[in-house]
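Numbering (the working numbering), first residue to last: 222 to 659. Beta carbons are placed, not taken as given, at the ideal position from N, Cα and C, and that holds for glycine. These figures come from a predicted structure and were not determined experimentally.
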Amino acid sequence: MMMPNVDIASRVYNHRWKIDPIVRSLLDTDFYKLLMCQSVFRNRPDTNVTFQLINRTKSVRLAEIVDEAELREQLDQVRQLRLTRGESTWLRGNTFYGKRQMFRSDFMEWLEAVQLPEYELSTRDGQYELRFEGKWPEVMLWEIPALAIIMELRSRAVTKDMGRFELQVLYARAMTRVWEKITRLDHLPDLRIADFGTRRRHSYLWQDWCVQAMGEGLGNAPDGKFIGTSNCLIAMRRDLEAIGTNAHELPMVYAALADTDAELRQAPYRVLADWHEEHDGNLRVMLPDTYGTKEFLEGAPDWLAGWTGIRIDSGDPVEGAELAIRWWKERGEDPRDKLVIFSDGLDVETIAALYERFHQRVKVSFGWGTLLTNDFRGLVEGDGLDPLSLVCKAVAAEGRPTVKLSDNPAKAMGPAEEIARYKRVFDLGEQKRVEVLV
């Protein structure tokens, strides 16, 4: 279903949250969330987890920018959302990754009735402390809307005193920037790229515009280079492929539930064994960096070599892809048949460089996130719309802290003593710290 284009500047000038809520549908989330939610619903439905907002860009004091009453109104509004009949029909009957009825009837019946659990909100040292606790399948659905709400409230706060013409100029400049990026990417002949920008977007309307621009400039798949969007609502409304597989929260929670070091060591593979039972084809994509890509591959069971591909989401992307290529070759697999998805802090220069290095060596694909849907750097005074590194992560499972090590120690999270233990258990070697932009 195609929707008419929107005058974003006028909508921003006139917006009121009751007319223009930030999250307007439970489908305004990333596709991988729903895939993971079904897996958790099947395998770990009664696990209690805690998610928490973490602002890694400490210099941006969100609690001094975003009004708490407005934040509560938006969060409360999300708790009233339910799937509409049309949204449920799209999930139940659509073809995803070539497969019909991707979502099972028992999961859909649960999803149609679910209400997101209550939240805890407070402030500390200029930052919001936002937590969600409850059963894993319910709590995990808060991650994407919580991030989208805070990011857009920050955008609204920065632009609220701008006049109509000032907003028109701002969005014209931002549109020009996006379009110039797209035209540069169009020179890459076999490019395959998707929008991964929901979590830290400037706004819903802006993400929707960026998706339309990608389709217009690069052409939509199957004949074009733009293969789809991670955002389910936009995918449904724009008749695009919904893109996504799995994320770090699965191994983080599985690992936290491990009772022994031996079980901890096997936790990332237990996750993928459960995933293997549910999915095939392009959904069998590893995300190996939760506790170090090199260490993951060294201990991986042979059956994982038969999977479709790998997603590179931290550390040096060249090093990660080269590791994967060597690993496949050592196990008798042809890397040219394998998919490598790059998704960490991408922008045009990085995309082009990675494409040139790995094109024809593997099947290269890109998940373009924040610097597609929220690149307003330098467009307002004081850099007030510059992107920030905001995440909402599972921080505990059944009262046990979760840990993420990553291939970049700047992205590590968890209590210091648990980080030290995980490094020992996973035999994590020396890592290079890279500043996290987004």
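Nearest residue (CA-CA) to residue i, options the options
i, options, result
"L283", "L342, A483, E364", "L342"
"L454", "R325, T623, Q428, F517", "Q428"
"V360", "R405, Q273, K446, D501", "Q273"
"G530", "P522, G513, D523, L508", "L508"
"D407", "L304, D460, A434, N629", "A434"
"N503", "F447, R421, D249, G319", "G319"
"W331", "L362, R321, R352, F353", "L362"
"D628", "G553, A542, N276, V569", "A542"
"F517", "G527, P538, H497, P489", "P489"
"R421", "S231, Q652, D251", "D251"
"R532", "L544, E387, D523, W524", "L544"
"R345", "P338, R413, I275", "I275"
"E339", "T310, V299, A230, V227", "V299"
"R398", "L351, N595, R557", "N595"
"E639", "L606, R306, L485", "L485"
"W524", "W496, M257, V227, A334", "W496"
"Q581", "R321, D565, D558", "D558"
"R458", "G440, A468, W430", "W430"
"I562", "T316, R413, Q259, K381", "R413"
"E354", "L426, G553, C613, S231", "C613"
Three-state secondary structure assigned by DSSP to residue i
i, result
"H500", "coil"
"D648", "coil"
"M634", "strand"
"W528", "coil"
"D495", "helix"
"L388", "helix"
"N264", "helix"
"R642", "helix"
"T200", "No answer is possible for residue 200: the residues shown for the chain start at 222 and end at 659."
"T271", "strand"
"T450", "strand"
"L567", "coil"
"S168", "The first residue shown for the chain is 222 and the last is 659, placing residue 168 beyond what the model contains."
"M224", "Only weak support is given to the placement of M224: the predicted model assigns it a pLDDT of 44, under 50, and the value that follows is read from those uncertain coordinates. Correct three-state label for M224: coil."
"R300", "helix"
"I243", "coil"
"P472", "helix"
"M507", "strand"
Beta-carbon gap between residue i and residue j smaller than 8 angstroms
i, j, result
"S586", "L560", "yes"
"V657", "K632", "yes"
"A494", "T268", "no"
"L196", "A574", "Residue 196 lies beyond the residue range present for the chain, which begins at 222 and ends at 659; the question has no answer from this structure."
"W357", "V287", "no"
"A477", "T623", "yes"
"I464", "A415", "yes"
"M372", "L593", "no"
"A393", "I243", "no"
"L374", "M383", "no"
"A367", "E470", "no"
"T466", "V506", "yes"
"G590", "F417", "yes"
"A395", "F597", "yes"
"S309", "E291", "no"
"G449", "A456", "yes"
"P538", "I546", "no"
"Y253", "S451", "yes"
"V233", "L388", "yes"
Cβ shell of residue i (< 6 angstroms), same chain only, five flanking positions each side left out
i, result
"D171", "Residue 171 falls outside the range modelled here, since the chain spans only 222 to 659, and no answer is possible."
"M634", "K625"
"L302", "L247"
"F249", "The question names Phe, but residue 249 in the sequence shown is Asp. Answer for D249: L454, listed in chain order."
"W548", "L518"
"P225", "Here P225 scores only 46 on pLDDT, less than 50, and its place in the model is too uncertain to base an answer on."
"M223", "Residue placement at M223 cannot be trusted, given a pLDDT of 43 that sits under 50; what the coordinates show is reported in the next sentence. Around M223: no qualifying Cβ."
8 angstroms Cβ shell around residue i - same chain, five flanking residues per side excluded
i, result
"E285", "G347"
"T404", "G438"
"R621", "A477, L478"
"R654", "N629, P630, A631"
"T305", "S246"
Other residues of its chain near residue i: CB distance less than 7 angstroms, five sequence neighbours each side excluded
i, result
"L312", "F324, M329"
"K644", "L626"
"R491", "Y475"
Just list the beta strand (DSSP E) runs in the segment 309 to 381, keeping only unbroken ones of 3 residues or longer that don't cross its boundaries, in chain order. 340 to 345, 348 to 356
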